[in-house]
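Residue numbers (full-length UniProt numbering): 1 to 245.
In structure tokens form, the structure reads like this:
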């Protein structure tokens with residue numbers, strides 16, 4: 001597999017002094033295709049490229065622009081390296097920039113972010129799955145229209161008959177066909193009923209929907225009532241550095 005996960009518990013270590021005044025963190029999954037160069041590059045560089053641009057953490061529009069520019073810069077820098085070294089790969093990305101009690105979810109491609117939120121205040125209340133992302137694929141009407149306007153075409157629900165996702169970082173051979181590194185960004189204010197956030201690439205979503213994934217993840221995070229409890233399907237991860245699968 002060619003996916004890389006990133007956890008930065010304190011984003012201020014990579015950014016401006018202003019960030020140190022607030023709780024901040026960064027989480028992401030980068031899912032590579034045709035290689036893992038783009039995924040590894042993003043894991044090593046995108047957190048910093050976003051953090052160093054956040055000078056006004058309390059201004060939502062400023063943060064949005066910082067994330068947008070971070071994605072753009074990561075793409076440009078990787079494409080320059082790809083041309084020099086002959087790389088042809090790319091990656092999808094789903095990122096979470098946490099500032100105070102606000103999450104900014106930015107993504108390109110078909111990796112997803114799903115928030116587990118209790119239906120009521122009681123801790124025993126059931127969890128509901130809130131999907132925070134929408135897939136960027138050539139099957140989507142708006143994405144298909146954008147690809148065609150850029151000079152590309154869609155064949156068999158693939159950009160130029162090659163790739164399913166319509167937005168990514170890298171993929172130099174498809175940039176002129178309209179494959180974009182411009183992310184969508186969703187802002188979510190966290191509340192006391194929020195339990196955890198699940199980030200995963202398309203491999204998970206091909207075998208289960210958001211509701212089942214949240215239910216199984218929640219089950220795995222509970223303390224085992226007995227030694228008879230089966231092993232969890234999902235294991236919480238804790239590394240603060242990129243990890244490649």
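Glycine included, every Cβ here is placed at the ideal spot set by N, Cα and C. Treat the numbers as computed from the prediction; the structure is a model and nothing was measured.
Does the distance from the C-beta atom of residue i to that of residue j stay below 9 Å?
i, j, result
"residue 134", "residue 166", "no"
"residue 89", "residue 152", "no"
"residue 114", "residue 213", "yes"
"residue 102", "residue 199", "no"
"residue 164", "residue 138", "yes"
"residue 210", "residue 131", "yes"
"residue 121", "residue 216", "no"
"residue 4", "residue 36", "yes"
"residue 116", "residue 204", "no"
Write down the C-beta distance between residue i and residue j rounded to the nearest angstrom, noting that I regard them as a contact closer than 8 Å.
i, j, result
"residue 84", "residue 39", "With a Cβ gap of about 18 Å, residue 84 and residue 39 do not count as contacting."
"residue 147", "residue 178", "4 Å"
"residue 42", "residue 168", "So it is not a contact: roughly 10 Å between Cβ atoms."
"residue 70", "residue 49", "4 Å"
"residue 180", "residue 68", "That pair is no contact at about 11 Å."
"residue 46", "residue 74", "5 Å"
"residue 195", "residue 118", "6 Å"
Between which two residues does the alpha helix (DSSP H) holding residue i run?
i, result
"residue 80", "60 to 85"
"residue 48", "37 to 51"
"residue 56", "Premise fails: residue 56 is in no alpha helix (DSSP H) and is neither H nor E."
"residue 202", "202 to 205"
Considering just the uninterrupted stretch of the beta strand (DSSP E) at residue i, what are its terminal residues?
i, result
"residue 186", "184 to 189"
"residue 5", "3 to 8"
"residue 25", "24 to 33"
Cβ contact (3+ pairs, closer than 8 Å) linking the region 169 to 189 and the region 102 to 109: Output reads yes: the region 102 to 109 touches the region 169 to 189.
Meets three-Cβ-pair contact criterion under 8 Å: the region 14 to 28 and the region 67 to 82: Segment contact: the region 14 to 28 against the region 67 to 82, fewer than three CB-CB distances shorter than 8 Å; contact not assigned.
Cβ pair count under 8 Å reaching 3, the region 9 to 16 against the region 51 to 69: In short, these stretches touch, since the Cβ pair count reaches three.
Inside the region 97 to 174 only - alpha helix (DSSP H) runs reaching at least 4 residues: Those alpha helix (DSSP H) runs which fall completely within the region 97 to 174 and span 4+ residues are 141 to 149.
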